[in-house]
Amino acid sequence: MRALPALQEDYFNLDEMSFHDLLTMVAEFASLVRFYNAENRPDGDWAPFFHADETVVMSRILAFNLTGAMTRFDDWWRSTPDHTGVGADSRNHGWDFETLPVAYLATTIDGWYVALLEAQSENGSAMRMFIESVIVQLRSDKSGFLDSLRQDGIKLSLAPLWWADADTDIASDNGQGGQASLTKTMVRTDFHAYLKAIEMIRKEALARLPASLLSQQHDPSIGMLIAFVGQFQKLKVKLNRFTQNYLDFYYDKMLGSVALPVVPDRTWVVFAKSPAMREVPVPARTGFLAGLDAASRDIVYTSTNDLTVNDARVTALQTVYFDHNRHSAPEKWLSDDRAAASAANATTATTATTTVARSWPTAAWFNTLMIKGLTTDTQQAYPILGAPKSSNVQNTFADARIGFALASKVLLLKEGLRKISITIAFEDDMLAQRLARLVHVMGEEDDSGGAAMNAIRRQDVFLKVFRRIFHITVTGEHGWLEIPDYLPAYDGRELTLSFELPPQEPAVVAYDPALHGERYAVAAPMIRFIVNPGAYLFPYGMLRDLIIRHANIDVQISGCRDLVLHNNIGQLSAAAPFAPFGPLPKLGSYLVIGSTEMAGKQISTFSVEVEWADLTRLNGGFSTYYDGYEVELANDDFLATVGVLAKGSWTPAAEQARPTVQLFRADLQPGQGERLYNRVVWNCNRVAHLFEPDSDVSVRKPLAYGPGAKDGFFKFTLAAPAFAFGHDAYPHLLSATLVANSRTKRLRRQRPVPRTPYTPQINSISISYRANSTIHIDRNTVDDSEHSDQFIHLYPSGWEALSVASYPTAALLPRFDFAGNLYIGIDAQALSGTLTLFFQLREDSQPLPSDTSLLQPGDVRAGLHWFYLSANEWKPLPRNALISDGTQNFMTSGIVTLLVPGDIGADNSVMPAGSYWLRVSADHDLEKYCSLYTVYAQAVEVRRGSDVSPQVPMVLPAATINRSRKPLPGITGIAQPVASTGGRVAETRAQLRTRVSERLRHKDRAVSATDYEALILQYFPEVYKVKCFANLTMDEGPDNCIRPGHALVVPLPYWPAVTHQDQMPMLNGNLMQEIRQFLQELASPWSRISVENPVYEKIQVRCKVKFTGGMSNGHYINQLNREISDFLTPWQDGCGYRNHFGWRIRQHDVEAFIGDLPYVDSLSGFSMLRIASSDTVTYSLFDTAAAPDVNGDDADHCVDITPLCPWSIAIPVVRHAIEAIDDNLMHGPARTALSNLEIGSTFIIPQNENDQ
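Adding 8 to a residue's 1-based position in the sequence shown gives its number in this note's numbering.
This is the structure in structure tokens:
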């Protein structure tokens, strides 16, 4: 309580006697006014006259001083020896009965009873009967004070009612040995029983006194006395006002104190404009209605600034956050070398790690925030820069897509076995240096192992890191085709990634937006390399800022069957066996082979694999088959020349200059001679270099052979033997043989009939080739065709094709200079001029370090950096473009006013096209900024007028303002997203007294802890309670918190009394920073002040409960869970633990509370858990069942829970561990097993086995 008790009303009054005290005093004074007889001797007094009235008796009862009676008993207890028994002579028989405190209480009760014996009214009779029932109850005790008196034959001067059964009791005890003598302990027991009886009588009298005063059955003289005392009470009020009047005179007249006036509250409104209007002006001091006050007058808020409402609106909010987990290895040992890349090497790895604070990132998370219209919904808040405020939030975020892609025709791979190798050439050996540093910090190098062994270790580390460093996908015919496995290799300044696509895998096709998503300006096939967050280490630190010279794509294809085939007769189809040189082949017959897939590529090797049909199986092959043709043939005599169609002509131009290929293949079989193989490969590598890619060929415009063909075909011309396949000689040779055989009658001399000439038939044909393409960034321009080869950066929600104009020196991955980033997408026909953005934030920020939070907005050293997107380039927002920042660097809700540069554009690809984009970035203390609900454009601040009615609350609920005082043409919607803030009602008289008294005490200087607390409560109305811990600091936890010269201030805000579930109220960082600055100005310059939010320790009750028979276990488990939380929460008024700091939760208290609930039959197995955190990632668990009992009594194991640190507050968990049982066994507390812990609540991994 801030106000001093001595300054409170009624703390000291000139007349402090109540109505009961005055009436009782008059009745007691009457006993001093005596009657005198004729002999002038005292003969009675006026007391019986007053005591006979029931109202006087009730007043005497209410005026009885219980505290005084208790004080007299304590004095007696300390000063009286331990005797036994009661007697008239204290020297021989023990205590004198007149000195016993219980005797005084008994005679007092008896006096009230006797005074009411003659009462005739209903109230008086009822009061007498109640006291009579109390006396009967007291005399029923056969082992106490009255019974001891009866046994000793001692009777006090009490009414006969006290002794009504005394003779019967004595008679019944004859021969039984009597009662034990009265002990000191028995006197104490009886005293408390009689004191409790008096409390009961006082409650009854208090209830009946009002009716007695109105009964109109008093003696007239007594009635006048009662009326006089009642009238004096009214005069006493004026009399007792003297002390407060004196205090007010001193404050007002002598000190000149004046009550503080009202401080108007403020809020924000946002507007929606009619599409028909281009701009709508909203001038300053425009009025907005917020309902009616108690006098039915309009509550008006007025705008503080001019605003021009246009069509700009926020349509997208995204965050990208790079996490730096200090517990993740090996990233925590590797520093970010972007500031000293040239100095990073294996020998200086340790130096680089220690000189650069920022370690490599361990993860990158991407989040898209839901955009709301004009609404007050605040159900979900998101980290404003992507950094989660607690470790269990990060799992809800998606991994940010970061990588690169290559687009090239060389990747058009429809079928067959496809081997692909991607080689990235770098400008320097930075990658090798980083690998060397990684080997060094992992301790993989050993000078004793020799160079060869260290090389093996470096290769092992390389494979460990790069084996899963990327997710690789290609544009497949059914979508993106994932490459499950690949082989990495590096050689100084080159990184190679190789993989295969077996024939059963789908085709790699050209990029199709409808099939593959996004809107790349690419028509060629693509391959994407996205960093794998599940790799051995997060790849971004290893790969960032690697400057590339070029990227080479090398493909080797075998088994490509999609061919364009022609011969000298016409077009052929490989779907069925065909004659490559026609039905009557001869010298000059040819076969033309082309492939749409291959036509657009620069090949380095080319071969054709042919499977012949109907080849002779004779030993010797064609030499045997053509026996009788009068020619000498060998299997390798069948040759064809190879030519390439380049630029419209076959090359080499001269036939004899063209290389040849053997059409058939034969091998020597032991004992059988040569045998023909039906498969043969025509190797054309000697002319492959003459192949010219046809840039016009694509999937939509396939390769075709005809007079207009210029490139893309190989021609195989039959060149040997001159005999060809004998089709010209066969008719003459057959007729000559038949004529000759007809002239010879003897069969032995007849010539063998010549075999039909072999007509070459191909069962199947396929080609194999090797092609490559090199992408040079310095040769790409922004005007390149979408069919050209491109190197593309992949962003979390966009992409960018690299060109020499945008990237004179291109890196492998997109560059992110800041760990936390907020992207704001704005839709507008044309964005320019002044833009107001209202950031609706959750007030959960924490104070920033003083070296950044004290800087002005726009300072180059400030924590926040603003950018705008222009032609895919993030440009820093000029300092003068940040006109105002009402959020105080995202520490509280407010409006940021920007002057939008003229070169901002909406035609970008790194972010979704069609919107204008702003970016806010920071690199440190990201978790200390507020969480974000949403962002609105077209907002203005409004403030309430100063003529505020006292009946109007100073907090205006959200959504109250929805219309202006006067019509605003063109405005279609007005909304108030948040409740008002910053208001303060006019100071009351009591508040003025408190403020002035505190000011006189601390003199506007912060010296003692009390001074700190009083100053904060006075100047910061948002603070409900505050505790200043002198000579303490939070920096190093509770074990090392004592620091002379330090002051730790822990404030608490007002909390909503709606629920206790997970209620952890905290002040926002901006207000805490203001408090720190305020105190620093008033405190000693040598004091070190820190203002921190409290640490919350969660308490979970674990028990086994048997509910009263017939009750539903499920329902009552939930009800018991609620009631336990209500009992433990410090936020509930009138129940449970209300100590915020310095708390102690006693196990017996909680057990007694549960046991007293009407639906609980029995309770056992009780224990409690305490979950406390020293930071956002480190937690401790304390289990009372596992802690030793301080009393060493296992049967009554009881351990209290105390704070882990002085600045902590205990709150209940959402769910307690309550188990319903049906037996009557008393279960002991059991240490919580691992299986009983709940992930996200009580599941904590200890750092060592001794941790509880």
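By construction, the Cβ of each residue, glycine as well, lies at the ideal position given by its N, Cα and C atoms.
* Asked: Under the DSSP definition of a beta bridge, which residues are partnered with alanine 303?
  -> DSSP output for alanine 303 lists no bridge partner at all.
* So does the stretch 483-501 actually touch the stretch 674-689, counting three or more Cβ pairs closer than 8 Å? -> no
* Asked: Buried or exposed: which applies to methionine 461, given that a residue is buried once 16 or more other Cβ atoms fall within 10 Å of its Cβ?
  -> exposed
* Exposed or buried, methionine 919, counting other C-beta atoms within 10 Å across all chains shown (16 or more means buried)? -> buried
* Asked: Going by the C-beta, is arginine 1130 closer than 7 Å to any heavy atom of the ligand FAD?
  -> By its list of ligands, the structure shown contains no ligand whatsoever, and the ligand FAD lies outside what it can speak to.
* To the nearest angstrom, report how far apart alanine 127 and serine 229 are at their CA atoms. => When rounded, the distance between both Cα atoms is 16 Å.
* Count the other CB atoms within 10 Å of the CB of tyrosine 1062; is the residue buried (16 or more) or exposed (fewer)? -> exposed
* Asked: Mind checking whether alanine 818 and isoleucine 556 have CB atoms under 8 Å apart?
  -> Yes, they are a contact pair.
* Can you give the Cα-Cα distance for alanine 172 and serine 39, rounded to whole angstroms? -> 30 Å
* Thinking just about the alpha-carbon of each residue, which of Leu964, Tyr1020, Ile1050 is nearest to the one in proline 1059? -> In terms of CA proximity to proline 1059, Tyr1020 leads the group Leu964, Tyr1020, Ile1050.
* Asked: Helix, strand or coil for tryptophan 84 per DSSP?
  -> In the three-state reduction of the DSSP assignment, tryptophan 84 falls in the helix class, which pools H, G and I.
* Given that a residue counts as buried once 16 or more other Cβ atoms are within 10 Å of its Cβ, and exposed if not, what is valine 277? -> buried
* Skipping 5 residues on each side, what residues in its chain have a beta carbon closer than 7 Å to that of valine 986? -> Thr275, Trp276, Gln848, Ser901, Ala966
* Three or more C-beta pairs closer than 8 Å, one from the stretch 195-204 and one from the stretch 53-64: is that the case here? -> The stretch 195-204 vs the stretch 53-64: no contact.
* Asked: Cβ atoms of phenylalanine 824 and valine 328: under 8 Å apart, would you say?
  -> yes
* When we look at the beta-carbon of valine 963 and count the other beta-carbons within 10 Å, is it buried (16 or more) or exposed? -> exposed
* Asked: Is the beta carbon of phenylalanine 646 less than 8 Å from the beta carbon of glutamine 664?
  -> Result no, Cβ atoms of phenylalanine 646 and glutamine 664 do not sit closer than 8 Å.
* Asked: Since alanine 1124 is in the alpha helix (DSSP H), which residue starts that stretch and which ends it?
  -> The sequence as given places tyrosine at residue 1124; alanine does not occur at that position. Segment 1121-1136, the alpha helix (DSSP H) holding tyrosine 1124.
* **One or two residues paired with lysine 192 in a DSSP bridge** => For lysine 192, which the question treats as bridged, DSSP gives no partner whatsoever.
* Asked: What did DSSP end up calling threonine 996 once you bin it into helix, strand or coil?
  -> coil
* Asked: Distance, Cα to Cα, serine 929 vs alanine 1160?
  -> 54 Å
* How long is the line joining the alpha carbons of glutamate 638 and isoleucine 577, rounded to whole angstroms? -> 29 Å
* Asked: In three-state terms, what does DSSP make of phenylalanine 724?
  -> strand
* To do: Starting from the Cα of proline 977, find the closest Cα among Leu222, Pro168, Ala280 and give me that residue.
  => Ala280
* Uninterrupted beta strand (DSSP E) stretches inside the stretch 906-990 (no shorter than 3 residues) -> 924-930, 939-945, 947-952, 979-983
* Can you check DSSP and say which residues form a bridge with histidine 1054? => Arg1096
* Asked: Which residues mark the beginning and the end of the beta strand (DSSP E) in which leucine 830 is found?
  -> Residues 828-835.
* Asked: Taking the continuous beta strand (DSSP E) assigned at serine 615, which residues delimit it?
  -> 611-621
* Asked: Whose C-beta lies closer than 8 Å to the C-beta of leucine 830 among residues of the same chain, with five residues either side of it excluded?
  -> Leu325, Gln326, Thr327, Ile392, Leu393, Gly394, Arg927, Val928, Ser929, Leu940
* Residues of its chain near alanine 1022, where Cβ-Cβ distance is below 8 Å and the 5 sequence neighbours each way are ignored -> These residues qualify, in order along the chain: Arg10, Glu1006, Arg1009, His1010.
* Should glutamate 24 be labelled buried (16 or more other beta-carbon atoms within 10 Å of its own) or exposed? -> exposed
* **Within 8 Å, strictly: CB atoms of leucine 425 and serine 566** => For the pair leucine 425 and serine 566, the CB atoms are nearer than the 8 Å cut-off.
* Asked: For the candidate residues Val1103, Glu995, Ile979, Arg973, whose alpha-carbon lies nearest to that of aspartate 306?
  -> Comparing Cα positions, the closest option is Arg973.
* Taking the DSSP output, what are the residues bridged to threonine 481? -> Glu490, Arg536
* **Per-residue DSSP class, three states only, for alanine 1334** => No answer is possible for residue 1334: it lies beyond the span of the chain, which begins at 9 and ends at 1260.
* List the residues that DSSP assigns as beta-bridge partners of cysteine 1036. => Val1057
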